[in-house]
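**Student:** Residue numbers (the numbering used here): 442 to 829.
Beta carbons: idealized from backbone N, C-alpha and C, even for Gly.
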Amino acid sequence: MVISVNNHRLYLDYAASAPLKKSAQDAWNSAHCHPGNPSSVHSDGRLHSDLLEKSRQIISRFLGENYDVVFTSGGTESIIVAVLGSLNNSLENTHIIASEIEHSAVLGLLERLERGGACITLIKPQPNGQICPADLAKELRPETKLVCIQHANNETGVIQPVADVAEVLRNHNALLLVDAVQTAGKLALPPIDADLLAISAHKFGGPRGIGALRVRKGLSLYPLIIGGSHEGGVRAGTQNVAGAAAMAAAAEECMRNELTSTGREHMVKLREYWEQGITKLPFKILPVSSAPTLPETLCVLIPEMRGDTIADGLDLMGISVSTGSACHAAETVPSHVLSAMGYGHQDAMSALRISFGINLTQTDIDHSLLSLKQVVERIRATAGSATL
Ligand code: PLP
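1. How should Arg-497 be labelled, buried or exposed, when 16 other C-beta atoms within 10 angstroms of its C-beta is the threshold for buried?
2. What residue range is occupied by the uninterrupted beta strand (DSSP E) comprising Tyr-714?
3. Secondary structure at Met-790, three-state DSSP: helix, strand or coil?
4. Ends of the alpha helix (DSSP H) at Leu-563?
5. In chain order, what residues of the same chain lie with their CB nearer than 6 Å to the CB of Thr-738, ignoring the 5 residues before and after it?
6. Which residues mark the beginning and the end of the beta strand (DSSP E) in which His-777 is found?
7. Select from Tyr-714, Ala-781, Asn-530 the residue whose C-alpha is nearest the C-alpha of Val-675.
8. Cβ-heavy atom distance between Gln-623 and ligand 1 below 7 Å?
9. For the stretch 640-683, list the beta strand (DSSP E) runs that are entirely contained and at least 3 residues long, ordered along the chain.
10. For Asn-614 and Ile-572, I'd like the C-alpha separation in whole angstroms.
11. How big is the Cα-Cα spacing for Ala-689 and Thr-585?
12. Going by DSSP, what residues sit across from Ser-796 in a beta bridge?
13. Could you tell me the boundaries of the alpha helix (DSSP H) in which Gln-498 lies?
14. Between which two residues does the beta strand (DSSP E) containing Arg-804 stretch?
15. Is Ser-761 closer than 8 Å to Tyr-452 when the C-beta atoms are compared?
16. Leaving out the 5 sequence neighbours to the left and right, which residues in its chain are closer than 6 Å to Asn-681 when beta-carbon positions are compared?
17. Answer yes or no: do Ala-685 and Phe-512 have a C-beta to C-beta separation smaller than 8 Å?
18. Evaluate the contact criterion for the stretch 500-510 versus the stretch 643-660: three or more CB pairs, one atom per stretch, below 8 Å.
19. Please name the residue in Pro-631, Ile-520, Ile-600 whose C-alpha comes closest to that of Ala-732.
20. Look at Ala-691 and Ala-472 and say whether their C-beta atoms are less than 8 Å apart.
21. What does the Cβ neighbour count give for Phe-724, buried or exposed, with the cut at 16 atoms within 10 Å?
22. Using a threshold of 7 Å, is the CB atom of Asn-681 nearer than that to any non-hydrogen atom of ligand 1?
23. With DSSP as the reference, label Thr-750 as helix, strand or coil.
24. Which word fits Thr-720, buried or exposed, when buried means at least 16 other C-beta atoms lie within 10 angstroms of its C-beta?
25. Using the beta-carbon count (16 or more within 10 Å), is Ser-702 buried or exposed?
Next up, the structure:
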């Protein structure tokens, strides 16, 4: 089955999934069309194992040298392998700290572990969406085994002080897992001193269904997917070589473009252009946070309107945006992230998330802002049903 694509649409939902980069597509095609299993010892098999290890080296450079890299099926699996693997299959006397605003990949897992007997502490963020490392320090106990903190939030783009969290843990035995799914390809990751760090290819131009876990050297993880000795025995099963090669190609492109100082400056300029344009709209539109934020994730509140209705209106005009996490897009309850930041039901339901990439132009932004204005005016004119 082939999905037909309307190329005239404007895609502004990169935080949910970024478009596949051409380099990644080429790498995938070239690897996938060649027969072979990377565990086979013949020439065709070795071709795949060589490509897999070359891809691992590139991902290792992307994430900071001197760590091990385990390929997984994406961000969720990286997180599960990290959490369950580091607990060594035991929940006895186990305390884990995370923030209330983690992705559901973390929160869903912790809820399950709590039911299994683990003790979980969730830290509330400050009203600006950042967690306070001192709050985390107060919750540390001798039996705290793991701290899970995201590098940036998927709904608000707010960047967390993970270096300060690492500092808090310097003299404690607890391991630090950083969920860098939203920041890989956008912020340099090497400076983060984390024991475990999770990424997902489709957030930075690689294919969906492949990700990686960066593991501090010497840290052994209890294997969850057992069988063969693939991925150092941590994750059994024939590796997705084409996916790994495509993720590596996307990572290389990010290192050449998005992650350079020119790339970062360009993203900041695009963000400023959005923000200036928003102030000129003839209705109130408020940034959700004043904390340091990923330039490419713009989350705003449009008071007295419903974000999902506006997103639907923009969709009809050929523009894809979202109201928050793609994993909860169909829900009609307010986002747990905005609620944890202290926003009431009405405000939280009025959120709109626009997320974009390096190829966005000022013309695209002008077009989006004009469309947003038209959608809001149309909703107001037809009144009632769509307003809160
Ligand atoms: N963590 C964060 C912060 C995310 O944004 C996502 C995906 O939206 C995930 C984890 C899960 O990643 P994946 O969709 O690759 O399983």
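**Tutor:** Inspection of the coordinates gives the following:
1. It counts as buried.
2. For Tyr-714, there is no enclosing beta strand (DSSP E); the enclosing alpha helix (DSSP H) has its first and last residue at 702-720.
3. If DSSP states are grouped into helix, strand and coil, Met-790 belongs with the helices.
4. Where Leu-563 is concerned, there is no enclosing alpha helix (DSSP H), although the beta strand (DSSP E) it sits in stretches over 560-564.
5. Non-local beta-carbon contacts of Thr-738 in its own chain, meaning distances under 6 Å to residues more than five positions away in sequence, involve Ala-456, Gly-598, Ser-796 in chain order.
6. No beta strand (DSSP E) contains His-777, which is instead part of the alpha helix (DSSP H) from 777-781.
7. Proximity to Val-675 across Tyr-714, Ala-781, Asn-530 peaks at Asn-530, based on C-alpha coordinates.
8. Yes, Cβ of Gln-623 sits closer than 7 Å to a heavy atom of ligand 1.
9. Every beta strand (DSSP E) stretch that sits fully inside the stretch 640-683 and reaches 3 residues is listed by chain position as 652-657.
10. Rounded to the nearest whole angstrom, the C-alpha separation of Asn-614 and Ile-572 is 21 Å.
11. Whole-angstrom Cα-Cα distance: 35 Å.
12. Residue pairing by DSSP places Ser-796 opposite Asp-454, Thr-738 in a beta bridge.
13. In the DSSP annotation of this structure, the continuous segment of the alpha helix (DSSP H) that includes Gln-498 starts and ends at 484-504.
14. Reading off the sequence shown, one finds Thr at residue 804, where the question assumed Arg. Secondary structure note for Thr-804: it is in no beta strand (DSSP E), and the uninterrupted alpha helix (DSSP H) holding it is 803-823.
15. A Cβ-Cβ contact shorter than 8 Å links Tyr-452 with Ser-761.
16. If we look at Asn-681 and ignore the five residues flanking it on each side, its Cβ neighbours are Ile-651.
17. In this structure, Phe-512 lies closer than 8 Å to Ala-685 by Cβ.
18. Judged by Cβ distances under 8 Å, the stretch 500-510 makes contact with the stretch 643-660, as three or more pairs qualify.
19. Of the candidates Pro-631, Ile-520, Ile-600, Ile-600 places its Cα closest to the Cα of Ala-732.
20. Not a contact, by the Cβ cut-off of 8 Å.
21. Exposed is the call here.
22. For Asn-681, the shortest C-beta to heavy atom distance toward ligand 1 is 7 Å or greater.
23. If DSSP states are grouped into helix, strand and coil, Thr-750 belongs with the helices.
24. It counts as exposed.
25. Result: exposed.
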